[in-house]
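See below for the structure under consideration.
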Amino acid sequence: MSESSTLRLFAQYFEADNNGAAMKGLDDPTPDPRQLRQDSASIYELTSEIFAGILETDLGFANLKILASMQEDDIYVSRDNDRHNFGDVHMDGPMKGFPYNRAEYRPETSLVETTTFEINLISNEPLFGNTDWILGAFYFDHEIENNIYEVKDVNNNKQAALMDGQFTPYVHAAECATNPFAGICFAAYDAELGFVSEAYPTRESQSLYGQATVNLNDENRLVVGLRYTEDEFSSDVTNFFGLQKYLIQDDLDETTGRVAYELDVNDDTMIYVSYTKGFKPGGSNLTFGYPMDNEGFGAAPAPQLIFPFFESEMIDAYELGLKTDFMEGRMRANVSAFTYDYENLQFQSTDQISTEVVWLISRSPR
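Here the working numbering is used: the first residue of the sequence shown is 1, the next is one more, and so on.
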């Protein structure tokens with residue numbers, strides 16, 4: 001653009017239309033571990049678009065940098081959900097000899113849209129003659145549309161005598177669009193359906209941050225940084241055509257930061273000690289249990305492994321380290337010792353109450 005300004009633009013388009021994951025059933029009789037036999041093929045379709053730009057300009061006292069991006073991913077999946085052919089039976093376990101209930105996802109779709117914007121200033125001239133600084137702001141918007149439609153040979157295993165390897169079409173009554181709890185709408189629970197869900201999770205986050213490096217002298221530096229974040233999330237979930245509806249939403253704010261001391265022992269070696277407080281924002285799960293002492297969301301209580309919300313993960317990180325160059329700069333060694341203290345550690349868990357395996361985010365108090 002000019003001697004003091006540059007603009008870089010990026011664009012990417014990706015498309016995939018291929019077989020889905022080859023997930024072999026436990027009792028698939030095919031002897032070759034790389035072959036499988038199922039009632040229907042697995043289909044995977046993806047289109048991904050990314051647009052981004054970076055503007056940099058020299059303001060004299062500081063460099064201004066602006067970054068913006070947009071990404072959209074559209075995913076379509078159709079798969080054999082029982083992983084077997086009609087007629088295969090369980091060979092072991094509590095359901096030994098029982099036929100597999102034919103099931104398919106027809107389909108599972110996900111539309112993900114993400115927008116980011118960041119602006120920062122990086123000093124060219126030290127403040128007060130000895131302090132380098134960075135100031136910035138960040139914005140993030142994330143929206144998802146998830147749709148799952150599972151069909152099954154029979155609604156539950158107690159109806160095994162009715163298995164015929166076919167899926168009887170189900171048509172949701174028109175009036176259920178405005179009155180999902182009308183009596184006729186509950187026919188969905190007895191139809192040849194499995195998990196039917198629409199979920200619309202969203203997250204919007206914005207933050208301000210800054211960091212200062214104070215050069216105490218030629219060998220000693222003190223680094224101080226702060227970040228303030230406001231985060232809002234919601235999840236509008238409708239299961240079984242509106243017969244189970246949840247609107248989960250919350251907002252939070254958090255201040256985090258870093259303090260570090262750095263010492264240049266010589267031109268090749270630097271030692272440092274630092275403390276960092278960080279966080280990963282909380283959110284909501286797609287499915288969860290219903291305890292007696294919490295909101296039941298219209299459902300009967302059940303043993304609870306997963307909660308509607310998971311809290312923000314917090315970390316206090318302490319580090320002591322050394323960085324040094326050898327062999328005239330041809331070799332570098334980074335050595336550090338650290339300890340992390342987590343609160344509300346987030347991790348993936350499975351909902352053992354469900355007949356499906358659903359990956360969820362849980363937490364540990366410490």
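Note that beta-carbon positions come from the ideal geometry of N, C-alpha and C, so glycine has one too.
Rounded to whole angstroms, what is the Cα-Cα separation between residue i and residue j?
{"i": "residue 16", "j": "residue 244", "result": "34 Å"}
{"i": "residue 178", "j": "residue 307", "result": "29 Å"}
{"i": "residue 88", "j": "residue 35", "result": "16 Å"}
{"i": "residue 220", "j": "residue 263", "result": "5 Å"}
{"i": "residue 154", "j": "residue 164", "result": "9 Å"}
{"i": "residue 247", "j": "residue 283", "result": "13 Å"}
{"i": "residue 348", "j": "residue 285", "result": "11 Å"}
{"i": "residue 152", "j": "residue 108", "result": "14 Å"}
{"i": "residue 130", "j": "residue 208", "result": "23 Å"}
{"i": "residue 80", "j": "residue 106", "result": "9 Å"}
{"i": "residue 74", "j": "residue 147", "result": "12 Å"}
{"i": "residue 199", "j": "residue 54", "result": "33 Å"}
{"i": "residue 212", "j": "residue 270", "result": "19 Å"}
{"i": "residue 296", "j": "residue 86", "result": "Confidence is the limiting factor: at residue 296 the pLDDT is only 45, short of 50, which leaves the residue's position unreliable and the question unanswerable from this model."}
{"i": "residue 170", "j": "residue 255", "result": "51 Å"}
{"i": "residue 61", "j": "residue 125", "result": "6 Å"}
So if DSSP puts residue i in a beta bridge, which residue, or which two residues, is it bridged to?
{"i": "residue 89", "result": "99"}
{"i": "residue 309", "result": "284"}
{"i": "residue 11", "result": "51"}
{"i": "residue 265", "result": "Looking at the DSSP assignment, residue 265 forms no beta bridge with any residue, so it has no partner."}
{"i": "residue 201", "result": "235"}
{"i": "residue 277", "result": "257 and 316"}
{"i": "residue 35", "result": "Residue 35 is not bridged to any residue."}
{"i": "residue 207", "result": "138 and 229"}
{"i": "residue 120", "result": "65 and 136"}
If I follow the unbroken beta strand (DSSP E) through residue i, where does it start and stop?
{"i": "residue 136", "result": "131 to 152"}
{"i": "residue 180", "result": "From DSSP, residue 180 is part of no beta strand (DSSP E); its letter is neither H nor E."}
{"i": "residue 331", "result": "331 to 343"}
{"i": "residue 225", "result": "220 to 239"}
Could you have a look at residue i and say whether DSSP puts it in helix, strand or coil?
{"i": "residue 186", "result": "helix"}
{"i": "residue 163", "result": "coil"}
{"i": "residue 327", "result": "helix"}
{"i": "residue 158", "result": "helix"}
{"i": "residue 194", "result": "strand"}
{"i": "residue 247", "result": "strand"}
{"i": "residue 170", "result": "coil"}
{"i": "residue 23", "result": "coil"}
{"i": "residue 81", "result": "coil"}
{"i": "residue 59", "result": "coil"}
{"i": "residue 1", "result": "coil"}
{"i": "residue 73", "result": "strand"}
{"i": "residue 357", "result": "Its pLDDT being 43, under 50, residue 357 is placed unreliably in this model, and the value from its coordinates should be taken loosely. It is coil, neither helix nor strand."}
Compute the beta-carbon to beta-carbon distance between residue i and residue j, rounded to the nearest angstrom, for a pair I have assumed lies under 8 Å.
{"i": "residue 111", "j": "residue 150", "result": "About 19 Å separates the two Cβ atoms, so there is no contact after all."}
{"i": "residue 172", "j": "residue 188", "result": "7 Å"}
{"i": "residue 134", "j": "residue 119", "result": "No, residue 134 and residue 119 are not in contact; Cβ-Cβ is about 11 Å, not under 8 Å."}
{"i": "residue 24", "j": "residue 83", "result": "7 Å"}
{"i": "residue 280", "j": "residue 234", "result": "Not a contact, Cβ separation roughly 18 Å."}
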